[in-house]
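Going line by line, the protein sequences match chains A and R. Read in the numbering used here, the first sequence has 170 at position 182, and its numbers run on one by one without any break. Read in the numbering used here, the second sequence has 12 at position 24, and its numbers run on one by one without any break. Even glycine gets a Cβ: it sits at the ideal position worked out from N, Cα and C. To start, the structure under review is shown below, and the notes come after it.
Number of protein chains: 2
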Amino acid sequence: MLESVLQRIDNGLEGSIERWADLLRIPSVSTDPAYEGAMREAAQWLRDELAPLGFRIEIRETEGHPVVIGHHEGPGDDATHVLYYGHYDVQPPEPYAEWRNEPFEPTLENSPHGRKMVARGAVDDKGQLMMWVEALKAWHAEHGGLPIQVTVLLEGEEEVGSKNLRPVLERYRDELKADVCVVSDTGMWDVDTPAITYTLRGLLYTELTCRGPGHDLHSGFYGGAIENPINGLTKVLGALQDGQGRVQVPGFYDNVVEPSDEELAAWKALNMDDAGFLASAGVTTAGGGESDRSLLERVWSRPSCDINGIIGGFTGNGAKTVIPREASAKVSFRLVPDQDPDRIIESLRRFIDDHTPAGCSIELTVHSAAPAIRIPTESRYLKAALSALDAVYDREPVLLGSGGSIPIAAWARDILGIDTLLMGFSLEDDGMHSPNEKFEVTCFHRGMRAHAALLEQLR
Amino acid sequence: MLESVLQRIDNGLEGSIERWADLLRIPSVSTDPAYEGAMREAAQWLRDELAPLGFRIEIRETEGHPVVIGHHEGPGDDATHVLYYGHYDVQPPEPYAEWRNEPFEPTLENSPHGRKMVARGAVDDKGQLMMWVEALKAWHAEHGGLPIQVTVLLEGEEEVGSKNLRPVLERYRDELKADVCVVSDTGMWDVDTPAITYTLRGLLYTELTCRGPGHDLHSGFYGGAIENPINGLTKVLGALQDGQGRVQVPGFYDNVVEPSDEELAAWKALNMDDAGFLASAGVTTAGGGESDRSLLERVWSRPSCDINGIIGGFTGNGAKTVIPREASAKVSFRLVPDQDPDRIIESLRRFIDDHTPAGCSIELTVHSAAPAIRIPTESRYLKAALSALDAVYDREPVLLGSGGSIPIAAWARDILGIDTLLMGFSLEDDGMHSPNEKFEVTCFHRGMRAHAALLEQLR
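Here's what the structure looks like:
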């Protein structure tokens, strides 16, 4: 049954690209209230795309942006049941000035791999989720139905920490029950080597707000006598890591699982191009971490700490001698198995208290907290996905780790009791979250084919 | 000769207040181009006020707002020559809504000390400069001349950083030569205790820009492998001071002059109201500095370091997992005698290099560098000023330090080679730069008398 679906995908590529571009034109930036209308529009667009396949599908409200939930019974109760997850929200386009084109005017440009789509969300996650949507459409068009039971869950808050995803999973737990969750929001090894991501770092995202004087002060009259909240904040932040990037919060590394010898050997066999990785970041030296470990090991299996934003005081041109009344920083931690976010939050709280200078206070806000995940290599669904990739690509698929986190993977495990197949098609240079984000058309095309092959494997 | 001048000042108080109010009605806000006409009007008003005394006086253009420069030969070449400095520009009235009256409609209100003038510029610096203008007028009216040689320099950019003052001093160096500079832009100890400010901290104002990756990165995929410039910047900033606010740049304290036992004893005798000082900053604990030293000692005689501004990465609401390509901070150091800004800059440069983590780099920009000022207590001009204050007030004058810096004092020393007498009459609660700025009529009145007494001392 697969061959004709693949034919249809190949012949219908330009139509798929047009629908992908239609979705990209909707500026669904979840972090900015100005885009609230666009958020709803994107949710409706996806609902309307899936409904014709026979989905019972609707938009459900949350405390934040809505989710889209749909069901398709496929061939009946005995069939494998897949929960497809994607997110329809995107990162803000800032820094706007660095885009070659309007971020929400998708543009096809030439690339060494053929063509690429340039737009905010091109890959993350609109391009990736459209691959399974299009595969379902192609199967349905070819065979008048779907070969498995399908539930879809599309959220609009992945880029802002998926605050309402857990409540949604808990509230609709029975409705969302499936055998396995399938997500395309990860990467390939390279443009020709498909991959399944089997480990993901978790994410603890916090904000530290340091407060001092009751109002802004003149640093001449008060400097040296009254604590400056920026001084206080940077004192704490500067102490968070040692010179090798090791996090100094007590107990931070207590439950960290070291990769096995087999894993280290497999990762070594990938022949990671360290220089290329560094070049993709625009640097020549790694720095910033545990230099006794390989780069792959560091991003796949080691926890880390990044200050993602900081602001306080006078930030215009020139000089102003102010002691501001507050300063704040966004501080996130990437977590690995089996670190416990809750224990780390408690220890971080004590660490901050211990390091805050007299005369100011620091408030800790937790934006989100998700532990790392790891899919067992013996899972039959993981094997099915590897077979699907094998059927579509010339090169054998590989198993990857990822430094990023995908909240659904942890919560599908915790709340629904199922594993998540992370079958993604992005490339390292796709510029997710950056200006001129892009997705290769060849990745999009072969990704649709792989999703069709997965349907065949699971039916 | 003084007694009749003082009589004239006392009898003419209401007339002096009227002229003071006339100047306050001119909204000479230097930072706002909308007030450019008012700036010129204020300069002309002061020129026209002094010209009738026999000043050769004119408005001179600069790159920004004009200066007023005038000369009066007094009794001739052998007489003491004083350069009076003042600034005719004021701060913007914002936040406008918090004013009880129109900021440029000067209003006399009752105060615990009698009457007070409420207006923008009431004290800073229009009220203060009018005291010496009125003293010169009274002397002239009484004796048909001035007892000393006088040069006046009135600038219009003090509230925006005195950008063109140094060029003016350099360009008119010969013309502005005098024996001593006299400025009223500082404060009294309290309403009954007159003061001369004899030390001013210097200011080294720098900016640190930390650069890492070539573009913004996703902290999931790169965190732990690629150095984060905010992590790098806060690492350096956090190391700048120890837990007691002591600056860790090597050699920073090398040339710091400790206050003498006499000075410490004199400061102690002032019975500084520490709780009141803290309350004025809206705090209950000092913190932020060398806790083994008194607050007065810390702001008058100890160097300090304040981060006046910091920015980097994502600073909006919520969460964004970005490793930004750069972050920057404005870092200033208050300097005391005999710290050398140039040596400190060199050492700071090395300190930054030593503490910058691999994988990022920090550029140091110096916005300004002015050493501290200290007028020798044996100066005959300082003694003359103290005698003048003694003649007018019941309480003995005191010598104060100040944590702030006054550009004219440093540049008069560096460019003209003369000391500056800082004889000011403001009170701590005058609300300079704030809504409802005021100046006590009793301070204004006795300030005029003191300036007349200074003329007597210097003739």
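| Item | Value |
| --- | --- |
| Please list, in chain order, the residues of the region 332 to 354 of chain A that have any C-beta partner in chain R closer than 7 Å. | P345, A346, G347 and C348 |
| Which chain A residues are close to P201 of chain R, counting only those with a beta carbon under 7 Å from its beta carbon? | A269, G270 and V271 |
| When every heavy atom of the ligand SAH is checked, does at least one fall within less than 7 Å of the C-beta of E163 of chain R? | The ligand content of the structure shown is nil, which means the ligand SAH is not present either. |
| Residue ranges of each alpha helix (DSSP H) run of no fewer than 4 residues wholly in the region 197 to 240 of chain A, ordered along the chain? | 207 to 210 and 217 to 227 |
| Determine the burial state of N216 of chain A: buried for a count of at least 16 other Cβ atoms within 10 Å of its Cβ, exposed for fewer. | buried |
| Pull up the distance between the alpha-carbon of G202 of chain R and that of G175 of chain A, whole angstroms please. | 21 Å |
| Which complete beta strand (DSSP E) runs does the region 148 to 183 of chain A hold, if anything under 3 residues is left out? | 168 to 171 |
| For C490 of chain A, write down the residues that DSSP places opposite it in a beta bridge. | With chain A represented from -11 up to 447, any question about residue 490 of chain A goes unanswered, as that position is not in the structure. |
| Quick one: give me the first and last residue of the beta strand (DSSP E) that Y72 of chain R is part of. | H69 to H75 |
| Measuring alpha carbon to alpha carbon, tell me which residue in R:I57, R:E24 and R:V17 is nearest L34 of chain R. | R:I57 |
| A59 of chain R bridges to which residues according to DSSP? | It is worth fixing the name first, because residue 59 of chain R is His in this sequence and not Ala. For H59 of chain R, which the question treats as bridged, DSSP gives the partners R:R44 and R:T139. |
| In chain order, what residues of the region 286 to 305 of chain R put their CB closer than 8 Å to some CB of chain A? | R286, V287, R290, P291, S292, C293, D294, I295, N296, G297, I298, I299, G300, G301, F302, T303, G304 and N305 |
| Taking a contact to mean a Cβ-Cβ separation below 8 Å, would you say D418 of chain R touches V111 of chain R in this structure? | yes |
| Could you run through the region 209 to 238 of chain R and flag, in chain order, every residue whose CB is less than 7 Å away from some CB of chain A? | F209, Y210, G211, G212, A213, I214, E215, N216, I218, N219, T222, K223, L225, G226, A227, Q229, G231 and G233 |
| DSSP three-state label for K256 of chain R, please. | helix |
| Can you tell me whether F302 of chain R is helix, strand or coil according to DSSP? | coil |
| For A315 of chain A, which of helix, strand or coil comes out of DSSP? | strand |
| Return helix, strand or coil for A346 of chain R, following the three-state DSSP convention. | coil |
| Please list, in chain order, the chain R residues whose beta carbon lies closer than 8 Å to that of H69 of chain A. | Per Cβ cutoff of 8 Å: no residues; H69 of chain A is ~29 Å from chain R at best. |
| Using 8 Å as the limit for Cβ to Cβ distance, is S356 of chain R near chain B? | This model lacks chain B altogether; the protein chains it does include are A and R. |
| Per the DSSP calculation, R362 of chain R is bridged to which residue(s)? | R:T187 |
| Does DSSP put S84 of chain A in a helix, in a strand, or in coil? | At residue 84 of chain A the sequence reads Tyr, which differs from the Ser that was named. Helix. |
| Based on the DSSP secondary-structure assignment, which residues constitute the bridge partners of R103 of chain R? | R:N98 |
| Check whether the region 331 to 341 of chain A and the region 333 to 345 of chain R are in contact - that is, three or more C-beta pairs closer than 8 Å. | no |
| Would you decide whether V386 of chain R is buried or exposed? Buried here means 16 or more other CB atoms lie within 10 Å of its CB. | buried |
| Where does V245 of chain A land, buried or exposed, given buried means 16+ other C-beta within 10 angstroms? | exposed |
| Looking at the strands, I want to know which residues DSSP matches up with V429 of chain A. | Note: V429 of chain A sits in no beta bridge, so no partner. |
| Tell me, which residues are paired with E195 of chain A by DSSP? | A:K318 and A:T353 |
| By the criterion of Cβ-Cβ separation under 8 Å, what are the contact partners of I311 of chain A in chain R? | D294 and N296 |
| Which chain A residues are close to L410 of chain R, counting only those with a beta carbon under 7 Å from its beta carbon? | Ordered by position in chain A, no residue passes the 7 Å Cβ test against L410 of chain R, which lies about 14 Å from the chain. |
| Between which two residues does the alpha helix (DSSP H) carrying G264 of chain A extend? | D262 to S268 |
| Return helix, strand or coil for V271 of chain A, following the three-state DSSP convention. | coil |
| Over the uninterrupted beta strand (DSSP E) stretch that includes M27 of chain R, give me the two end residues. | Where M27 of chain R is concerned, there is no enclosing beta strand (DSSP E), although the alpha helix (DSSP H) it sits in stretches over E24 to L38. |
| Check each residue of the region 15 to 30 of chain A: if its Cβ is closer than 7 Å to any Cβ of chain R, include it; give the result in chain order. | T19 |
| CB P359 of chain A to CB D328 of chain A, shorter than 8 Å? | yes |
| I need the straight-line Cα distance from G133 of chain R to G392 of chain R, nearest angstrom please. | 36 Å |
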